[in-house]
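For reference, the structure discussed in these notes is given below.
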Amino acid sequence: MPRFHLTRAAADDLTAIFLEGIEQFGLPQADAYHEGLSAIFAFLAD
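Take a look at the structure:
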């Protein structure tokens, strides 16, 4: 798996997106979205 590093600001943004996703769409959908973003980041880092 490719390695990449997020800045603190980017990590904070992802946390905020995740928490907002939980509020708006529920935990399962927020998890799915987070996993999708992680997969895209890994793809881009490759």
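Residue numbers (the numbering used here): 229 to 274.
No residue lacks a Cβ here, since even glycine has one placed at the ideal position from N, Cα and C.
- The three-state reading of DSSP puts H262 in helix, counting H, G and I together.
- Straight-line spacing of the CA atoms in A273 and A267 works out to 10 Å.
- In terms of Cβ geometry, A258 and F246 form a close pair [threshold 9 Å].
- In the three-state reduction of the DSSP assignment, R231 falls in the coil class.
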